[in-house]
Amino acid sequence: MTMHQEKIRPVSDLRNNFADISKTVHDTGEPVFLTKNGFGDMVVLSMEVYENLQFDSQVYSHLLEAERQATVDKRRFSTKETLNMLKDTIAGA
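If you read the sequence shown in the numbering used here, its first letter stands for residue 54, the second for the next number, and so on.
Written out as structure tokens, the structure reads:
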């Protein structure tokens with residue numbers, strides 16, 4: 054079985070070969086795709102990879118919101134002004 058084929062497995066393997074699937078996702082940092090009746094059904098990830106994906110998604114969402122706000126609000130701040138605002142925010146936290 055090639056490396057790629059090992060990452061696509063029937064959903065029954067989750068019950069029958071859980072330890073092997075767990076080892077694969079932790080050792081490789083890659084997801085294992087589970088199929089049901091030959092079609093994609095689930096994805097198994099390590100908690101670390103899942104948390105990183107969640108973090109990346111939140112950052113991307115915040116960047117999209119910042120871009121949207123930048124099209125509406127024409128104010129712009131210098132680097133110095135931005136750093137001072139960040140320092141004030143951190144000091145108040």
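Beta carbons are placed, not taken as given, at the ideal position from N, Cα and C, and that holds for glycine.
- The C-alpha of Y103 is placed about 21 Å away from the C-alpha of P63.
- Inter-residue distance for N90 and S65 is about 10 Å (C-alpha atoms, whole angstroms).
- In terms of Cβ geometry, M100 and L87 do not form a close pair [threshold 8 Å].
- In the DSSP assignment, T88 is bridged to P63 and G93.
- Membership of S114 in the alpha helix (DSSP H) is indicated by the continuous run M100 to V125.
- By the beta-carbon neighbour count (other beta carbons within 10 angstroms, threshold 16), I74 is buried.
- Separation of E120 and N105 (C-alpha to C-alpha, rounded to the nearest whole angstrom) is 22 Å.
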